[in-house]
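Trainee: Per this note's numbering, the very first residue in the sequence shown carries number 131; after that it's consecutive.
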Amino acid sequence: MTTNIMAMPSIAPGRDLDAYLRTISQFPILKPEEEKVLAERFYADGDIDAARELVMCHLRFVVHLARSYKGYGLSQADLIQEGNVGLMKAVKRFDPNVGVRLISFAVHWIKAEIHEYILRNWRIVKVATTKSQRKLFFNLRGAKRSSAWLSLEETQAIANDLGVSAAEVTRMEGRLSASDMAFDGYGTDEETATAPMHFLASAAPDPADLVADEHMQQDASLRLSAGLAGLDERSRDILQQRWLSDAKSTLHELAAEYGVSAERIRQLEKNAMKKLKLAIAAD
Numbered sequence: 131m132t133t134n135i136m137a138m139p140s141i142a143p144g145r146d147l148d149a150y151l152r153t154i155s156q157f158p159i160l161k162p163e164e165e166k167v168l169a170e171r172f173y174a175d176g177d178i179d180a181a182r183e184l185v186m187c188h189l190r191f192v193v194h195l196a197r198s199y200k201g202y203g204l205s206q207a208d209l210i211q212e213g214n215v216g217l218m219k220a221v222k223r224f225d226p227n228v229g230v231r232l233i234s235f236a237v238h239w240i241k242a243e244i245h246e247y248i249l250r251n252w253r254i255v256k257v258a259t260t261k262s263q264r265k266l267f268f269n270l271r272g273a274k275r276s277s278a279w280l281s282l283e284e285t286q287a288i289a290n291d292l293g294v295s296a297a298e299v300t301r302m303e304g305r306l307s308a309s310d311m312a313f314d315g316y317g318t319d320e321e322t323a324t325a326p327m328h329f330l331a332s333a334a335p336d337p338a339d340l341v342a343d344e345h346m347q348q349d350a351s352l353r354l355s356a357g358l359a360g361l362d363e364r365s366r367d368i369l370q371q372r373w374l375s376d377a378k379s380t381l382h383e384l385a386a387e388y389g390v391s392a393e394r395i396r397q398l399e400k401n402a403m404k405k406l407k408l409a410i411a412a413d
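#1: How long is the line joining the alpha carbons of S365 and A377, rounded to whole angstroms?
#2: Tell me where the alpha helix (DSSP H) around T380 begins and ends.
#3: When the Cβ atoms of the region 179 to 191 are set against those of the region 158 to 165, are three or more pairs found closer than 8 Å?
#4: Quick check on the burial criterion: 16 or more other C-beta atoms within 10 angstroms. Buried or exposed for Q211?
#5: Distance, Cα to Cα, A312 vs G203?
#6: Identify whether F224 lies in helix, strand or coil by the three-state DSSP scheme.
#7: Grab the span of the alpha helix (DSSP H) containing W239 for me, first residue to last.
#8: What residues in its chain sit with their C-beta under 7 Å from that of E183, if we drop five residues either side in the sequence?
#9: Just to confirm the assignment, what range does the alpha helix (DSSP H) spanning K404 have?
#10: What is the rounded straight-line gap between the Cα of I368 and the Cα of T380?
#11: If I follow the unbroken alpha helix (DSSP H) through I178, where does it start and stop?
#12: Kindly give me the distance between the Cβ atoms of A196 and L217, rounded to whole angstroms, as I take these residues to be in contact under 8 Å.
#13: Closer than 6 Å by C-beta to W239: which residues in its own chain qualify, once you throw out the five before and the five after it? Chain order, please.
#14: Quick check: I410 and L354, are their CB atoms within less than 8 Å of each other?
#15: For R145, does the three-state DSSP call read helix, strand or coil?
#16: Let me confirm a value: V299 is counted as buried when at least 16 other C-beta atoms fall within 10 Å, else exposed. Which label applies?
#17: Can you tell me the Cα-Cα spacing of F172 and F224, whole angstroms?
#18: Please report the Cβ distance between L406 and L358, rounded to the nearest whole angstrom; I am assuming they are in contact, meaning their Cβ atoms lie under 8 Å.
#19: Output the distance between the C-alpha atoms of A242 and A356, rounded to the nearest integer angstrom.
#20: So for Q156, helix, strand or coil by DSSP?
#21: What do you get for N214, buried or exposed, if any count of 16 or more other CB atoms within 10 angstroms of its CB means buried?
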């Protein structure tokens, strides 16, 4: 099936958010049988019009979820647009034969995209870089019983519940205490009622992890390209022939090509690799 759902919607939230909300309110809420027919048309036949209708008729739910993240100080239109990306990814992966409603499946994909956008754009630099920190970032406020600082006992209890160390809880609490923002994490009655894990047991990877890994891979690729571009032509060619080509060259083959000793090629390779690592690791 070769379809490009990502390019389907002809509307998008922009400066006039009210106009966007009025537009999407015109799309009907699908009945279960209507949704199943559309999903089967796309899943079995690749019907792009059916996929488009599924997306359009669920845009209002994305707005509903995006509004719960307004406390982060980011553009509501941007949050909605990121959520729309998650919705389209969910439609692309939705299997109507499993027996759950599309929105029960899509809610986690929508949140995954919104979370990734918040972590990339929130004003605290690198507030959460590991998967455990990401989990803590979106769950700490909901786990706290009040706005006061946590006691040692409360810190340890939250650490145990979230599967992180007490030190990580304390560090994250310090980062978040500098701003007066509300954090709506997992755990509200509405969210737990629609979380797909309560409807479907799946061995598939967590969508949030897939989104995070995708962005990390893209970042690593960009850093590698920039690092190679910063090397001189000979050093770059040596690394490409030694490590990036399918048919890798030996030190002696490169020595013959450049008219130097194999030891000199090894030194050039070592120095180039050191510069490349620094470029990749740089903030």
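Backbone N, C-alpha and C define an ideal beta-carbon position, used for all residues, glycine too. Predicted model, so just to flag it, every value in this text is computed and none were measured.
Mentor: With the structure as the only source:
#1: 18 Å
#2: No alpha helix (DSSP H) holds T380; DSSP gives it neither H nor E.
#3: yes
#4: buried
#5: Reliability fails at A312, whose pLDDT of 39 lies under 50, so the model's placement of it is uncertain and the value that follows must be treated cautiously. The alpha-carbon atoms of A312 and G203 are separated by roughly 10 Å.
#6: coil
#7: L232 to N251
#8: L168
#9: A392 to A411
#10: 10 Å
#11: I178 to M186
#12: No, A196 and L217 are not in contact; Cβ-Cβ is about 11 Å, not under 8 Å.
#13: G216, K219, A220 and P337
#14: yes
#15: coil
#16: buried
#17: 9 Å
#18: 7 Å
#19: 28 Å
#20: coil
#21: buried
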